Ligand code: ADP
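Residue numbers (our numbering): 807 to 1255.
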């Protein structure tokens, strides 16, 4: 048996045993008590009845009739006269009977008296009923009969007790198993998690607190599993991302270092090496930022920022690169909008989004920055007329290293980390970013703060 169910079982068993013990004792006591009371009462009533008959006719026939009647029953009658002398007795009087008669008080109330009620130790229980002016009627009953009755009752009690006890053992075993089963299952699950195996599948453990705990453990295990998978995927992606530029750098450095390479080619190769190294350092920088965000050591210094002014500045800064690709960059800002933001980080968000709009749009299209307030919230939308993002990919573009079209993105200098950083930054500002896009028509990234 498991330790916890043993513990619960023992506590449960002892508690029930105590409660039932007390109940049984009380029941036993009161049943015996009332049974004896009944016996004594019936004895006294019988004596009173004889007394009533004798009072109406105190004749030798009546006396004879009463004694003969009693000699056929379990009770015995003794009739005495005024002086206490025995007139008649239904059985020959023994010492105990004589003692009881001798010890009887002089003044007996009309309703009679119980003379002996010790059914355990004495030979008889006895009562007396007074005969007006003529003596007393004594009634006796052998206690052996009463004791037999009680012994029978006790036997019933024992039987009931044993039956109850055995059913209690079975119920306790069953119940403690039933109660502790979820705990044991959860314990096994957490042990498995501790050993690094997150493939835990806890069944539904009920709707109570234990059930909730089980669900939490399951969610925890799933999360850990997800994190574990994500981590290995992430590491695989990083090594892959680093390998490509490094291969280029190493290859071109080898050729550039050869004596036979002419100076013109050499400077071209050095140029490529420079570009790849720049890409690499950008990638490392992005990774470092994401790592800081993950660790929560990343801090944003919020201050009151006038959004339209900030956007104006960014537009001016970005215009040349848009012009170069012959893409229009429009800017709509409704009134003055103040937000609590870190200006440097917020600019990074917008530049990343605008960079993407430019990268994934063709010449002759238009990109619009639109900022407005609606129901107390600030909306910032960046809308392009570029190639769009397929529905199936939209949910994943914020994931690290996720690229819809890998070769194109890489060719455009993308690392797949831009939107992941944007999302983290938006959330650090207490905002949300959503995406609306249609392939061939364009994409809208909307930030709501
Ligand atoms: P990347 O550095 O590759 O641009 P991002 O995280 O910024 O990485 O973007 C992830 C992917 O989402 C991109 O590779 C691209 O396929 C897609 N994407 C992002 N912005 C746009 C956009 N404005 N239009 C079309 N596709 C986009």
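Each residue gets a CB set at the ideal place from its N, CA and C atoms; glycine is no exception. Since the model is a prediction, treat every value here as computed from it, not as a measurement.
- Per the DSSP secondary-structure output, residue 945 pairs in a beta bridge with 883 and 933.
- Here residue 1014 is not bridged, per DSSP, to any residue.
- The beta carbon of residue 1193 sits closer than 7 Å to at least one heavy atom of the ligand ADP.
- Residue 1190 is bridged by DSSP to 1249.
- The ligand ADP approaches residue 1163 closely enough that one of its heavy atoms is under 7 Å from the residue's Cβ.
- Looking at the backbone, the Cα of residue 816 and that of residue 977 are separated by about 12 Å.
- For residue 1158, the uninterrupted alpha helix (DSSP H) segment begins and ends at 1149 to 1165.
- Spanning the alpha carbons of residue 1204 and residue 1014 requires a straight line of approximately 38 Å.
- Between residue 1227 and residue 1158, the CB-CB gap stays under 8 Å.
- Burial is judged here by how many other beta carbons sit within 10 angstroms of a residue's own beta carbon; residue 911 has fewer than 16 and is exposed.
- Across the structure, residue 1179 and residue 1185 are spaced so that their CA atoms are roughly 6 Å apart.
- Comparing alpha carbon positions, the residue from 1102, 1100, 1143 and 1154 closest to residue 1124 is 1154.
- One Cα belongs to residue 1223, the other to residue 818, and the distance between them is close to 60 Å.
- Inter-residue distance for residue 932 and residue 973 is about 43 Å (C-alpha atoms, whole angstroms).
- Residue 1025 is classed as exposed because its beta carbon has fewer than 16 other beta carbons within 10 Å across all chains shown.
- Out of 1161, 1117, 889 and 1133, the CA that lies nearest to the CA of residue 913 is found in 889.
- Around the beta-carbon of residue 1209, 16 or more other beta-carbon atoms lie within 10 Å, marking it buried.
- A direct Cα-to-Cα measurement between residue 1046 and residue 982 gives close to 55 Å.
- For the ligand ADP, a non-hydrogen atom lies closer than 7 Å to the CB of residue 1222.
- For residue 1176, the uninterrupted beta strand (DSSP E) segment begins and ends at 1172 to 1180.
- Within the DSSP secondary-structure output, residue 1109 pairs in a beta bridge with 1147.
- In this chain, residue 1241 is not harboured by any alpha helix (DSSP H); it is covered by the beta strand (DSSP E) spanning 1238 to 1244.
- With a cut-off of 8 Å on Cβ pairs, the region 1025 to 1043 is not in contact with the region 1062 to 1073, counting fewer than three such pairs.
- Using a cutoff of 7 Å, the CB of residue 1169 does not count as near the ligand ADP, since none of the ligand's heavy atoms is closer than that.
- Inter-residue distance for residue 886 and residue 935 is about 11 Å (C-alpha atoms, whole angstroms).
- In chain order, 937 and 940 place their CB closer than 8 Å to the CB of residue 864, counting only its own chain and leaving out the 5 sequence neighbours on each side.
- Counting along the chain, the unbroken alpha helix (DSSP H) around residue 1087 starts and ends at 1069 to 1101.
- Relative to the ligand ADP, the beta carbon of residue 1071 is positioned no closer than 7 Å to any heavy atom.
- Using a cutoff of 7 Å, the CB of residue 1254 does not count as near the ligand ADP, since none of the ligand's heavy atoms is closer than that.
- Between residue 876 and residue 951, the beta carbon gap of about 14 Å keeps them out of contact (Cβ cut-off 8 Å).
- Distance from the CA atom of residue 919 to the CA atom of residue 980, rounded to whole angstroms, is 56 Å.
- In chain order, 868, 869, 872, 885, 937, 940 and 943 place their CB closer than 8 Å to the CB of residue 860, counting only its own chain and leaving out the 5 sequence neighbours on each side.
- Contact check for residue 892 and residue 899: beta-carbon distance about 7 Å, within the 8 Å limit, so the pair qualifies.
- Non-local beta-carbon contacts of residue 1055 in its own chain, meaning distances under 6 Å to residues more than five positions away in sequence, involve 1079 and 1082 in chain order.
- Sorting 1017, 826 and 916 by C-alpha distance to the C-alpha of residue 990 places 1017 at the top.
- Relative to the Cα of residue 921, the nearest Cα in the group 969, 954 and 849 belongs to 849.
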